[in-house]
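Number of protein chains: 2
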Amino acid sequence: MDIRPFLDYIRQYVDLSADEETILLSKIKQKKYLKGQYVVQNGDVCKFESFVLSGCLKAFYIDNEGQEHILMFAIENWWIADLGSFISQTPADLNVQCVENCELAQIHYNDLQQLYLDIPKLERFFRIIIQKAFVAAQKRIINNLTLPAVDRYLQFREQYHKIEQRVPQYMIASYLGITKEFLSKIRSQLIEKKEE
Amino acid sequence: MDIRPFLDYIRQYVDLSADEETILLSKIKQKKYLKGQYVVQNGDVCKFESFVLSGCLKAFYIDNEGQEHILMFAIENWWIADLGSFISQTPADLNVQCVENCELAQIHYNDLQQLYLDIPKLERFFRIIIQKAFVAAQKRIINNLTLPAVDRYLQFREQYHKIEQRVPQYMIASYLGITKEFLSKIRSQLIEKKEE
Numbered sequence: 001m002d003i004r005p006f007l008d009y010i011r012q013y014v015d016l017s018a019d020e021e022t023i024l025l026s027k028i029k030q031k032k033y034l035k036g037q038y039v040v041q042n043g044d045v046c047k048f049e050s051f052v053l054s055g056c057l058k059a060f061y062i063d064n065e066g067q068e069h070i071l072m073f074a075i076e077n078w079w080i081a082d083l084g085s086f087i088s089q090t091p092a093d094l095n096v097q098c099v100e101n102c103e104l105a106q107i108h109y110n111d112l113q114q115l116y117l118d119i120p121k122l123e124r125f126f127r128i129i130i131q132k133a134f135v136a137a138q139k140r141i142i143n144n145l146t147l148p149a150v151d152r153y154l155q156f157r158e159q160y161h162k163i164e165q166r167v168p169q170y171m172i173a174s175y176l177g178i179t180k181e182f183l184s185k186i187r188s189q190l191i192e193k194k195e196e
Numbered sequence: 197m198d199i200r201p202f203l204d205y206i207r208q209y210v211d212l213s214a215d216e217e218t219i220l221l222s223k224i225k226q227k228k229y230l231k232g233q234y235v236v237q238n239g240d241v242c243k244f245e246s247f248v249l250s251g252c253l254k255a256f257y258i259d260n261e262g263q264e265h266i267l268m269f270a271i272e273n274w275w276i277a278d279l280g281s282f283i284s285q286t287p288a289d290l291n292v293q294c295v296e297n298c299e300l301a302q303i304h305y306n307d308l309q310q311l312y313l314d315i316p317k318l319e320r321f322f323r324i325i326i327q328k329a330f331v332a333a334q335k336r337i338i339n340n341l342t343l344p345a346v347d348r349y350l351q352f353r354e355q356y357h358k359i360e361q362r363v364p365q366y367m368i369a370s371y372l373g374i375t376k377e378f379l380s381k382i383r384s385q386l387i388e389k390k391e392e
């Protein structure tokens, strides 16, 4: 497994000394998962933040009717976890499952607490990336409140075009909060429009 | 204006020395706003993060039809800003307006960047509070995808009962993404149910 993308990603935000990189890497667990395997299961405590070295994952919530609702996808250079569970070390509401075979760089909760003390720059790093994630979550709330499904789909394609090609349509429908039949109708209409 | 709630709030998360508190306070602008005044207007760059010492505010988005969609409320001990605009110092999508007369403790973007260097513990502080805000935003996305309006309203009342008493019903309807007529119907049904 190649850990360099992980270091390159962190270097975009903070400068770590060689010693700090060594300390950080000593706490990183590199782990392979097969397509279909769970990284987090709801009810369990989420013990790791996972950085995607390769592969594609989804985080989803199962409602009382057993329906799956996809909250996010993650591909290379993204982080994924049930952050609510991770920061409070309480049982997860979400599931995180591999949509493809995955290679992950994982940090255990306890190791991260120690890393924050040993390498305070990591506070800055995680502050910056979580701010970005928060802004993206707020945008999604606004889009859900204001945009019709067709526009939400077009925006998904624009923002996550690399993901669209890698996950089945029913998962995209779940992410958009619509049925797969409705997504299929939207897609046909867009193709017709293009051909006109 | 009493700045102690601001210091008490920060002390919940990090221990600052007396010197650090002095430096921090030297960068805080205490400002009064009247009900109806704007703290952020869409199109302007959001230059401040605002901590609420007293009062109530709303952050909202105006769609292409001129419809207002409320993204969040803030009362005492909450932070409010257009964070996307603040962190990138680009024009705001959101408006932040006072629902009551307000007293705010504000930190200017430039001062905050300097404070991060002078008091690295503030990196930790803002990392922790933004993580919580992110988890809350994710929960809201899940609720919007999975819960009927009546349950979203009940949850709002439970989580934000102090806010419910302070803002008009049409704002709560906007927050929930429903019309005020529909909220009124939900409320009547809940009252009937209680009386049965």
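The listed protein sequences derive, respectively, from chains A and B. In terms of this note's numbering, the first sequence opens at residue 1 and continues consecutively. In terms of this note's numbering, the second sequence opens at residue 197 and continues consecutively. Every residue gets a Cβ at the ideal spot worked out from N, C-alpha and C, and that includes glycine.
**Enclosing alpha helix (DSSP H) for Met171 of chain A [first to last residue]** = DSSP places Met171 of chain A in the uninterrupted alpha helix (DSSP H) bounded by Gln169 to Leu176.
**Prompt:** With respect to 8 Å, is the separation between the Cβ of Asn143 of chain A and the closest non-hydrogen atom of the ligand GDP below this value?
**Reply:** Ligands displayed in this structure: none; no statement on the ligand GDP is therefore possible.
**Request:** Per DSSP, which residues does Leu253 of chain B bridge with? Please list them.
**Result:** Paired residue(s): B:Ala270 and B:Cys294.
**Reference Glu65 of chain A; option with closest CA among B:Leu350, B:Pro344 and B:Lys390** = For the residues B:Leu350, B:Pro344 and B:Lys390, the minimum Cα distance to Glu65 of chain A belongs to B:Pro344.
**Message:** Tell me which residues of the segment 138-157 of chain A have at least one Cβ-Cβ distance to chain B shorter than 9 Å, keeping chain order.
**Reply:** Flagged, chain order: Gln138, Lys139, Arg140, Ile141, Ile142, Asn144, Leu145, Thr146 and Leu147.
**Message:** If the criterion is Cβ atoms closer than 9 Å, does the pair Ile75 of chain A and Lys139 of chain A meet it?
**Reply:** For the pair Ile75 of chain A and Lys139 of chain A, the CB atoms are not nearer than the 9 Å cut-off.
**Asked** Would a C-beta distance cut-off of 9 Å place Lys228 of chain B and Asn297 of chain B closer than the cut-off?
**Response** Contact: yes.
**Request:** Work out the CA separation of Glu216 of chain B and Ile315 of chain B for me, nearest whole Å.
**Result:** Counting only the Cα atoms, Glu216 of chain B lies some 7 Å from Ile315 of chain B.
**Item:** CA-to-CA distance, Ser88 of chain A to Ile80 of chain A, given in whole angstroms
**Value:** Looking at the two C-alpha atoms, the distance is approximately 16 Å.
**Prompt:** Which first and last residues belong to the beta strand (DSSP E) in which Ile224 of chain B is found?
**Reply:** For Ile224 of chain B, the enclosing beta strand (DSSP E) stretches over residues Ile224 to Tyr229.
**Item:** Between the CA atoms of Gly232 of chain B and Ser50 of chain A - distance to the nearest angstrom
**Value:** Cα to Cα, Ser50 of chain A sits roughly 44 Å from Gly232 of chain B.
**Prompt:** Are three or more beta carbon pairs between the segment 202-216 of chain B and the segment 317-337 of chain B nearer than 8 Å?
**Reply:** Here the segment 202-216 of chain B makes contact with the segment 317-337 of chain B; the two share three or more CB pairs at distances below 8 Å.
**Prompt:** Are there 16 or more other CB atoms within 10 angstroms of the CB of Gln131 of chain A, so buried, or fewer, so exposed?
**Reply:** Buried: at least 16 other Cβ atoms inside 10 Å.
**Message:** Just verifying my parser: in three-state terms, what is the DSSP assignment at Ser17 of chain A?
**Reply:** Here Ser17 of chain A sits in coil by DSSP.
**Message:** For Phe126 of chain A and Arg323 of chain B, what's the separation of their Cα atoms in angstroms?
**Reply:** A direct Cα-to-Cα measurement between Phe126 of chain A and Arg323 of chain B gives close to 7 Å.
**Three-state secondary structure assigned by DSSP to Leu115 of chain A** = The answer is helix: DSSP assigns Leu115 of chain A an H, G or I state.
**Prompt:** Any beta-carbon of chain A closer than 9 Å to the one on Phe269 of chain B?
**Reply:** No, Phe269 of chain B does not count as interfacial toward chain A.
**Asked** Between the beta-carbon of Phe134 of chain A and the beta-carbon of Leu279 of chain B, is there less than 9 Å?
**Response** Going by C-beta atoms, Phe134 of chain A is nearer than 9 Å to Leu279 of chain B.
**Message:** I want to see whether chain A comes within less than 9 Å of Lys328 of chain B, judged by CB atoms only; does it?
**Reply:** True, the Cβ-Cβ gap to chain A drops below 9 Å.
**Asked** Among the residues of its own chain, which have a CB less than 6 Å from the CB of Arg348 of chain B, if the five just before and after it don't count?
**Response** Within the same chain, Arg348 of chain B has close Cβ partners Asn339 and Leu372.
**Where the segment 308-320 of chain B meets chain A: residues whose CB sits under 8 Å from a CB there** = Per Cβ criterion, the list reads Tyr312, Pro316, Glu319 and Arg320.
**Request:** Please report the residue range of the beta strand (DSSP E) in which Val135 of chain A lies.
**Result:** Going by DSSP, Val135 of chain A is part of no beta strand (DSSP E) but of the alpha helix (DSSP H) stretching over Lys121 to Thr146.
**Message:** Within a Cβ cutoff of 7 Å, which residues of the same chain sit near Thr198 of chain A, ignoring the five residues on either side of it in sequence?
**Reply:** The structure shown has nothing for residue 198 of chain A, since chain A only spans 1 to 196.
**Asked** Using a Cβ cut-off of 7 Å, which residues of the segment 12-46 of chain A contact any Cβ in chain B, in chain order?
**Response** Within the segment 12-46 of chain A, no residue has a Cβ that lies closer than 7 Å to any Cβ of chain B.
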